[in-house]
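Numbering (my numbering), first residue to last: 146 to 684.
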């Protein structure tokens, strides 16, 4: 087996050397296993990576090649995906059921990722079988190359802060709950870096400034993040430098990542870090500790209250804008891309809904509740296997009919410039993510979207990111250049809704077979379903 792994790595490195000879390589060997954890004081089975919960951080620099060999020591198939890491021309490495066969128990798979022309704060997570409820997630940071200026001084330290709601129940029990047609129960608590109340601690020295990379890796709840007596200066959102706005607290919706600067400018003592749920009742709250190096006392005083209304969150979201004078991963200013001056070639309105299908709870987009086939869509596309999916099996606009089951795939054209409107007619907040892309969030408002809503779009400095919230009884509009060929997952970040159908795949297609547009299928690709027994060859 070791010889096969070595041969596989040699082939991978050779392929990447052809396209990016000057870019460094970083190698990771990850063993995924079960392990005992008790983040909320109750012993339970977690999913660990190299014995860690959460998993190890990935520290990289723009254009690094990441070779991640994942050994699955669980008793069921497993996949990892990379939230916000844009796999240019390479959806074969996306790590979701529509692009990859799962890693069987006792086997391994080597991901080959390049963080091409990217900077910023992201995370990885397990994408199958409700594994996310047991762990196996961790932070990803992509630093700028030394020659590229960053629009703030180098911080004294750089911390990953993974926040999320948590259940004491085993992930298999939660999965069985959903498979039996039930609605997911209320979470038991909130974790900070896999720890319960007052168990996560971050060390600071008075007078210095620190970077916190905050990601909401939870299952269904928007969370508010704040630090007692300290301000948060937002500097980056999912790979884009922002106008540096200072907040007393920050709403982080499911699947989103932010970087903030925090200056240790208070008395030498310990201060509460507070994370609380938003838009639900009762409110869940947990705390961590900001520990000054010369602390003269432990945390004290009342825990600072968070916001309680929707309008606070909406106003804050609109205030997050791109820093047009800052360089991104390359020296040219990001503002040279005038997205507001490009003609829209297609408009899609995506409406979420819920209902009962065949006696079981399901969730849908434009009335279609996604059903995953045994054969990944990307492999069916590559091998031209009929009967796995139909391009165009989801409509551009909402339908008035009941929810129904299908393997929904949206057919799109390479290099089109499209408008997507997420219309949320439900009374709960939503969160959506698109793999392989960042989109410009140009508008958010209450009520129904109409063509007149475009008059209020931000066409100058809207933030570009891969995950957006949609407020209750509201809409969010995004603009997107389809410049990345492949099969890409668009999903709800509410994991029960995603699991029960609120997702589909976007097929960005071109007739060209040039490597300029898409990398070939990797020689180590796992094959399953109707693709089993096929041969992977490089033309």
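Each residue gets a CB set at the ideal place from its N, CA and C atoms; glycine is no exception.
Taking C-beta separations shorter than 6 Å and ignoring five residues to either side along the sequence, the partners of residue 603 in its chain run 587, following chain order. Check the Cα spacing between residue 306 and each of 222, 366, 321, 404: the tightest is with 404. From the listed residues 416, 184, 391, the smallest Cα separation to residue 406 is found for 391. Secondary structure remark: continuous beta strand (DSSP E) runs of at least 3 residues inside the region 169–222, in chain order: 170–182, 189–194, 203–206, 210–217.
If only uninterrupted beta strand (DSSP E) runs of at least 3 residues are considered, those enclosed by the region 524–610 are 549–551, 553–558, 562–569, 575–579, 584–591. Nearest neighbour of residue 429 by Cα position, chosen from 350, 384, 308, turns out to be 308. Residue 205 is a Cβ neighbour of residue 287, given a cutoff of 7 Å. Looking from the CA of residue 181, the closest CA among 665, 339, 680, 671 belongs to 339. DSSP lists 501 as the beta-bridge partner residues of residue 506. Per the Cβ contact rule, the region 228–245 is not in contact with the region 320–331 (fewer than 3 Cβ pairs under 8 Å). Comparing alpha carbon positions, the residue from 262, 232, 261, 324 closest to residue 504 is 324. Bounds of the beta strand (DSSP E) holding residue 614 are 612–615. Annotation note: the region 627–674 contains the following uninterrupted beta strand (DSSP E) runs of length 3 or greater, listed N- to C-terminal: 631–637, 648–654. The beta carbon of residue 261 lies closer than 7 Å to those of 208, 233 in the same chain, with the five residues before and after it left out. Burial is judged here by how many other beta carbons sit within 10 angstroms of a residue's own beta carbon; residue 423 has at least 16 and is buried. Per DSSP, residue 401 lies in no beta strand (DSSP E) and is assigned neither H nor E.
The region 356–368 makes no contact with the region 533–544: fewer than 3 CB pairs, one atom from each, lie closer than 8 Å. Taking the Cα of residue 313 as reference, the smallest distance to any Cα among 221, 510, 341, 298 is reached at 341.
With a threshold of 16 other beta carbon atoms within 10 Å, residue 259 meets it and is buried. Bounds of any beta strand (DSSP E) do not take in residue 263, whose DSSP letter is neither H nor E. Between residue 351 and residue 437 a beta carbon distance of about 6 Å is seen, short of the 8 Å cut, so the two are scored as contacting. Distance from residue 387 to residue 466 at the Cβ level is roughly 6 Å; contact confirmed, criterion being Cβ atoms closer than 8 Å. Inter-residue distance for residue 606 and residue 585 is about 9 Å (C-alpha atoms, whole angstroms). Positions of the beta strand (DSSP E) runs, each at least 3 residues long and wholly inside the region 280–351, are given as 283–288, 303–311, 334–337, 346–349 in order along the chain. Contact between residue 364 and residue 640 is confirmed by a C-beta separation of about 4 Å, below the 8 Å threshold.
Between residue 581 and residue 231, the C-beta gap is smaller than 7 Å, which places the two residues in contact. Taken in chain order, the unbroken stretches of beta strand (DSSP E) that lie wholly in the region 227–271 and span 3 residues or more are 253–259, 265–271. Out of 315, 275, 274, 677, the CA that lies nearest to the CA of residue 187 is found in 315. Around residue 443, the same chain offers 415 as residues with beta carbons nearer than 7 Å, after the five sequence neighbours per side are excluded. Assignment of beta-bridge partners to residue 514 by DSSP yields 550. Spatial neighbours of residue 213 in its own chain (CB-CB distance under 6 Å, excluding positions within 5 residues in sequence) are listed in chain order as 173, 256. Under the three-state reduction of DSSP output, residue 433 falls in the strand class. Your pair residue 248 and residue 671 checks out as a contact, with CB atoms roughly 7 Å apart and the cut at 8 Å. Under the DSSP assignment, residue 456 falls in the alpha helix (DSSP H) whose first and last residues are 455–464. By the neighbour-count criterion, in which a residue is buried when 16 or more other Cβ atoms sit within 10 angstroms of its Cβ, residue 621 is buried. The residues 304, 435, in chain order, have a CB closer than 6 Å to that of residue 347 in the same chain once the five nearest residues on each side in sequence are set aside.
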